[in-house]
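Some notes on the structure that comes next.
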Amino acid sequence: MDKNRPNGEHNLVEWARPHLGDRKRFYRLIDPRLEGHFSIKGAQKAAQLAARCLSRDPKARPLMSEVVEALKPLPNLKDMASSSYYFQTMQADRVSTNTNGKNNGLRTQGSFSRNGQLQQHPRSLSIPNGSNASPYHQYAHNSPKPNGKP
Numbered sequence: 001m002d003k004n005r006p007n008g009e010h011n012l013v014e015w016a017r018p019h020l021g022d023r024k025r026f027y028r029l030i031d032p033r034l035e036g037h038f039s040i041k042g043a044q045k046a047a048q049l050a051a052r053c054l055s056r057d058p059k060a061r062p063l064m065s066e067v068v069e070a071l072k073p074l075p076n077l078k079d080m081a082s083s084s085y086y087f088q089t090m091q092a093d094r095v096s097t098n099t100n101g102k103n104n105g106l107r108t109q110g111s112f113s114r115n116g117q118l119q120q121h122p123r124s125l126s127i128p129n130g131s132n133a134s135p136y137h138q139y140a141h142n143s144p145k146p147n148g149k150p
């Protein structure tokens with residue numbers, strides 16, 4: 001529990017739970033400071049394991065020995081997210097602020113073309129990363145309520 005966070009973000013477990021079961025939404029749980037230096041398969045397996053650990057049915061949760069065994073091989077995985085087209089596109093879609101003010105107060109949204117070129121698009125300040133952005137992301141936003149409703 002972190003009472004210093006906005007409502008809906010006090011309980012990190014309840015905030016994260018809906019992201020764990022979705023292979024695309026789980027990226028919102030990953031610290032952006034990793035900058036793609038993590039294994040996609042490893043992160044997905046860790047998210048699946050975390051979902052099992054957070055099961056509401058205590059009997060469905062893995063033993064700690066099972067958790068340890070499941071985590072052991074993950075650091076050896078070599079499929080870095082930074083080389084994934086999907087991850088590059090997702091990273092480009094994260095809101096970035098132009099600090100020199102040349103974009104007239106607009107944030108920009110970019111995407112990678114198939115040849116790897118970053119394409120920037122103006123984005124209104126009224127369209128944030130979405131209500132499910134990580135509470136520890138650079139641009140914190142309200143997250144869903146524990147019952148899954150915004």
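Position 71 of the sequence shown, counting from 1, maps to 71 under full-length UniProt numbering, and the rest follow consecutively.
Glycine included, each C-beta is placed from N, C-alpha and C at the ideal position.
Checklist entry - How many Å lie between SER65 and LYS72 at the Cα? => result 11 Å
Checklist entry - In terms of residues, what are the limits of the alpha helix (DSSP H) holding ALA16? => result 12-20
Next on the checklist: Let's test the definition: count the other Cβ atoms within 10 Å of the Cβ of GLY21 and tell me whether it reaches 16, buried, or not, exposed.
Outcome noted: exposed
Checklist entry - To which residues does DSSP link MET80 through a beta bridge? => result SER39
Next on the checklist: Suppose you measure from the CA of LEU29 to the CA of ALA16; what does that come to, to the nearest Å?
Outcome noted: 7 Å
Item to check | ASN129 in three-state terms, based on DSSP | outcome: Note that ASN129 scores 43 on pLDDT, short of 50, meaning its location in the model is unreliable; the coordinates nonetheless yield the value given after this. In the structure shown, ASN129 sits in coil (DSSP, three-state: anything other than H, G, I, E or B).
Item to check | Buried versus exposed, by CB contacts within 10 Å (16 or more), GLU9 | outcome: buried
Next on the checklist: Quick check: the Cα distance between ARG23 and THR89, rounded to an integer number of angstroms?
Outcome noted: 15 Å
Checklist entry - How big is the Cα-Cα spacing for GLN44 and PRO6? => result 27 Å
Next on the checklist: Given this structure, state the Cα-to-Cα distance separating LEU77 from ASP57, to the nearest angstrom.
Outcome noted: 30 Å
Next on the checklist: Measuring straight from C-alpha to C-alpha, what distance separates VAL95 and PRO32?
Outcome noted: Confidence is the limiting factor: at VAL95 the pLDDT is only 45, short of 50, which leaves the residue's position unreliable, though a coordinate-based value still follows. So the alpha carbons of these two residues sit roughly 12 Å apart.
Item to check | Buried versus exposed call for HIS37 [16 or more other C-beta atoms within 10 Å across all chains shown] | outcome: exposed
Next on the checklist: If distances are taken between C-alpha atoms only, which option among ALA46, ALA51 and LYS59 comes closest to ALA70?
Outcome noted: ALA46
Item to check | From TYR27, LEU63, LEU54 and VAL13, residue whose alpha carbon lies closest to that of GLY42 | outcome: TYR27
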